[in-house]
Ligand SMILES: Cc1ncc(COP(=O)(O)O)c(C=O)c1O
Ligand SMILES: Cc1ncc(COP(=O)(O)O)c(C=O)c1O
Ligand code: FES
Ligand code: FES
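Chains as they are written, first to last, in this note's numbering: chain L, 1 to 134; chain G, 135 to 268; chain D, 269 to 655; chain S, 656 to 1042.
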């Protein structure tokens, strides 16, 4: 079951969608479960001014993407770099053991947001899941 | 549990007691469980005119002695000889598997009533029970 | 929140009110130990024997061959470990790739700890084993064949009669896990050559924690649980009297209602599928409805994960399952869907809907409506689905 | 007929109304499978975890080390077979001569089928094992010592702490069957060096068909029942949710009432014995009341059979036992009374009276009155008693 934060963000995820004129796009796929997040960032003077994303995944990973998207708006890349695992754990609220790996999806997103490289999707194909993936 | 016949005879056994001037006394002990019946008979022209007994044993064996005692009054030794296992089974009513060996106590009593030998207790001691008995 | 609308009858079922009513006296006044010798103990013993008759009746066997257990899993462990314990020479077991973990894990235990070799027969895309595959797998070492009657995840019905005949021919013990079959299809052991069979009460509107093992006359195995020699020595432990009584009543009721429910549930299944296909695109059935009980519908909805769909439906007041309820705590993907050839992504996109005696047309309509809404919403989130 | 007056609390107990009340919602609305992922499943899972806490609390252990089973017998079979399965080299088990059949029969099974050697430690006339005897029996092959905490037939309390320390010293697993101890004496595992312990709900005013096995942290055994990995993988099978909930409530209640009940029951036992000795001659206690729990009174009444006495009392509306309820269907004489040195005839003349939380002074007085009447009547029938 889900805590209230996860439940709220899952049922009403914030910032869902795409940014057609994104400065950066990032692709995250969780090696454990294959959940995938495509996130679009717009920056204004090194500060994230706009975020959108799409998420394929379990309820918790959809909620996680939503929570992260809310948190990072207004942050500089440096600020994002300094976010710790403990911060994320706090954002997400109490998780069950089986949901704990969702923290990694958040950390992955944050890590890429702090150092975004791609301007757009090199290939708009889905990541390959399963045994061989990652 | 007990059928109604057994229950009735156990709670109100007929002919309980001793006959001081018995013509015959018989002693029965069931090899399986050690239950013991001491029965006293008075005969009138080869016909059993009076019966009394004491029974140490389970409810069913007490009831069995009572049922047998009622049945044999008025019977000749020959008539008693002709009583079959099926007759006894019918007298006792439906028995559970664990009570079935009580039929043997009845047959033992009947067998000795048909051919009584002892006039009185040779020794008024109890039969020895347990591993070594019989 | 409203009481949720339940679509997970394969996981467990609510207790029928008549079952509970029959159980209550045994949770209140009639508490005697069935092994005791006084009246109140005799009363509970009689109640157990009545239940045994009703259950024997449901599968057309002698009541003396039915042994109560704490459920389907115990029944399965009892027979598998029992047959294995008795077999000092022959060390080969044949099973199917879509058995319940209660069978597969026990086989694996026997392999690891008792030197058994396990042959796992694959299934076709409909989720059915091929009797010829079993025949080919039989060796002189084969001591046991264990194949379920109806699969819990996709509902596929196995060729039990053929497997039974094959085993009979080769003189091999044939065990059948019928936990998901009983109450859903006729199970008549006069016509099915089965040596042992497992059942569970909580799948047929009875209480959780009670089931039984049927053993064909002459089958002899050491008990799993030893002690006071209850259940004719086959299964010790003070009997779960109320549970057993409830199981008996449940058996009677499902027997009476079998054909009515079967017809009703088939109608509802068809209604659901028709609506599903009109309302939701890119949605596939796992398995083959023509080879399955109508109560089990396993579907695959592209672009989203079954888990998030089930969660959203839960928030909206519907219970559906993402895998066999028993294994959803493990991180593994459904071995059944794998066995019928589904990819990991297809499995992740699947949910199981199972219909039962209490399901109504209105519930089906509500489900389709909310399913559509949820699927559309989740797909709108998803990078994997282009609308 | 009136409701009988119950003097067989060691055989089983009535369910406390508070226990039943707590169980009912789980027999009605809260029927979700605890392994399922939606709310109604989560609710039953939470209920199980609450019960686990209450039971862990009763014996002062961590809740993660308590595993629910279908009763005391299953718990005993699980640990004995489990330890045996793990022990490929050491094949020696030590137990006592007065264990419950759930232990003795399982030991016997391991002897016959798995090459174990069993040493059965005798007891003294009070029904107590001597720790020195156990120490002497220990060999380099000993893998398990299993001794019960309180005997079910005569109530004798064993020197568990000493046995536990001994086993600890020798690094041998110590299992304790505490089915008859819990709720009757304090059982604090912080102070008792026990590696595993069995309990059963129906002996403490909980439902039949549920119990648990406590395993000390670090003790690892293969499960008896395999499958869906419920109970942290230690015991598979859909959980008997209502039963477990009832067990939890029962545990809480007996813990709260322990000292009150102990005092009350001791008073009633003393009242009974005083009256018994004034009213009925030639009547002896089996065992030693100073070494036993006060709730168990095993007496021997010369000249009559316990069976007929118990039957007559049953007709008069009283429930007493002629042996352990579990074994009264077997034709064997009580192995416990044999172990304390009673002759066959003495055993045949014995009955067990066990007192519980609901017993009243008036019930005790009625029992003595009817006991006297029945004994006199049966003795008047008996050729073995001269009045
Ligand atoms: C000492 C003892 N151990 C084990 C058991 C078995 O418990 P259960 O009946 O719950 O299987 C009992 C009672 O029957 C008992 O008295
Ligand atoms: C096919 C099958 N076998 C066995 C079981 C196990 O039954 P139980 O939960 O009663 O142990 C289940 C259900 O959980 C099942 O679906
Ligand atoms: S299941 Fe979604 S993040 Fe792993
Ligand atoms: S127990 Fe009484 S005749 Fe056998």
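Just so you know, even glycine gets a beta-carbon here, dropped at the ideal spot from N, CA and C. This structure is a prediction, so every number in the text was calculated from the model and none was measured.
Who are the Cβ neighbours of residue 265 of chain G in its own chain at under 7 Å, not counting the five residues just before and after it?
-> Reliability of the predicted coordinates at residue 265 of chain G is poor, the pLDDT of 32 falling under 50, and the value obtained from them is presented with this limitation in mind. So no residue of the chain qualifies.
With a threshold of 7 Å, establish whether the CB of residue 66 of chain L neighbours any heavy atom of ligand 2.
-> no
Assigned exposure category for residue 933 of chain S - 16 Cβ within 10 Å defines buried | exposed
Counting only runs of 4+ residues fully inside the stretch 525-609 of chain D, write out the alpha helix (DSSP H) ranges in chain order.
-> 574-583 and 603-607
Can we say the stretch 507-517 of chain D touches the stretch 312-326 of chain D, given the rule of at least three CB pairs closer than 8 Å?
-> yes
For the stretch 697-711 of chain S, which residues have a beta carbon sitting closer than 9 Å to at least one beta carbon of chain G?
-> none
Straight-line CA distance for residue 9 of chain L to residue 40 of chain L?
-> 18 Å
Cβ of residue 649 of chain D within 8 Å of any chain L Cβ = yes
The stretch 289-302 of chain D touching the stretch 478-494 of chain D, judged by at least three CB pairs closer than 8 Å | no
8 Å Cβ cutoff, residue 509 of chain D in contact with chain S | yes
Near-chain G residues of the stretch 952-963 of chain S (beta-carbon distance less than 8 Å), N- to C-terminal order = 958, 959, 960, 962 and 963
Per DSSP, which residues does residue 773 of chain S bridge with? Please list them.
-> S:748
The stretch 364-377 of chain D in contact with the stretch 405-419 of chain D per 3-pair CB rule at 8 Å | yes
DSSP three-state call for residue 274 of chain D: helix, strand or coil?
-> strand
Kindly list, in the order they appear in chain G, the residues whose Cβ is closer than 7 Å to that of residue 817 of chain S.
-> Near residue 817 of chain S there are no residues of chain G at all, since even the closest Cβ is about 35 Å away, more than 7 Å.
Spatial neighbours of residue 346 of chain D within its chain, please: CB distance less than 6 Å, with the 5 preceding and 5 following residues excluded, ordered by chain position.
-> 481 and 492
Minimum Cβ-Cβ distance from residue 686 of chain S to chain D less than 8 Å | yes
For residue 408 of chain D, count neighbouring C-beta atoms within 10 Å of its own C-beta (all shown protein chains included) and say buried if the count is 16 or more, exposed if not.
-> exposed
Pull every residue with its beta-carbon under 6 Å away from any heavy atom of ligand 3, and keep them in chain order.
-> L:30, L:32, L:33, L:35, L:57, L:58, L:60, L:61, L:101, L:102 and L:105
Would you mind stating whether residue 854 of chain S and residue 730 of chain S have Cβ atoms separated by less than 8 Å?
-> yes
Close Cβ partners of residue 88 of chain L (< 7 Å) along its chain, the five nearest in sequence each way excluded = 103, 106 and 107
Chain L contacts from the stretch 609-632 of chain D (Cβ-Cβ distance under 9 Å) = 611, 612, 613 and 616
What beta strand (DSSP E) runs, 3 residues minimum, are completely inside the stretch 329-379 of chain D?
-> 334-337 and 360-364
Less than 7 Å between the CB of residue 509 of chain D and some heavy atom of ligand 1, yes or no?
-> no
Report yes or no: is there a C-beta of chain G within less than 8 Å of the C-beta of residue 970 of chain S?
-> yes
Flag this pair as yes or no: are the beta carbons of residue 577 of chain D and residue 275 of chain D separated by less than 8 Å?
-> no
How many angstroms separate the CA atom of residue 597 of chain D from the CA atom of residue 1026 of chain S?
-> Interpretation of residue 597 of chain D is limited by its pLDDT of 42, a score under 50 that renders its predicted location unreliable; no figure is taken from the coordinates.
Span of the beta strand (DSSP E) around residue 25 of chain L = 24-29
How would you call residue 592 of chain D, buried or exposed, if buried means at least 16 neighbouring beta carbons within 10 angstroms?
-> Confidence is the limiting factor: at residue 592 of chain D the pLDDT is only 39, short of 50, which leaves the residue's position unreliable and the question unanswerable from this model.
Using CA coordinates, which residue listed in G:150, G:194, G:161 and G:220 is at the minimum distance from residue 184 of chain G?
-> G:150
So, helix, strand or coil for residue 681 of chain S, using DSSP?
-> helix
Return yes when the Cβ of residue 326 of chain D is within less than 8 Å of the Cβ of residue 450 of chain D, no when it is not.
-> yes
Across which residues does DSSP place residue 54 of chain L in a beta bridge pair?
-> L:38
Taking a Cβ distance cut-off of 9 Å, strictly less, list which residues of the stretch 844-862 of chain S are near chain D, in chain order.
-> 855, 857, 858 and 862
Ligand 1 heavy atoms versus the CB of residue 443 of chain D: any closer than 7 Å?
-> no
Counting only beta-carbon atoms, is residue 1039 of chain S nearer than 8 Å to chain G?
-> yes
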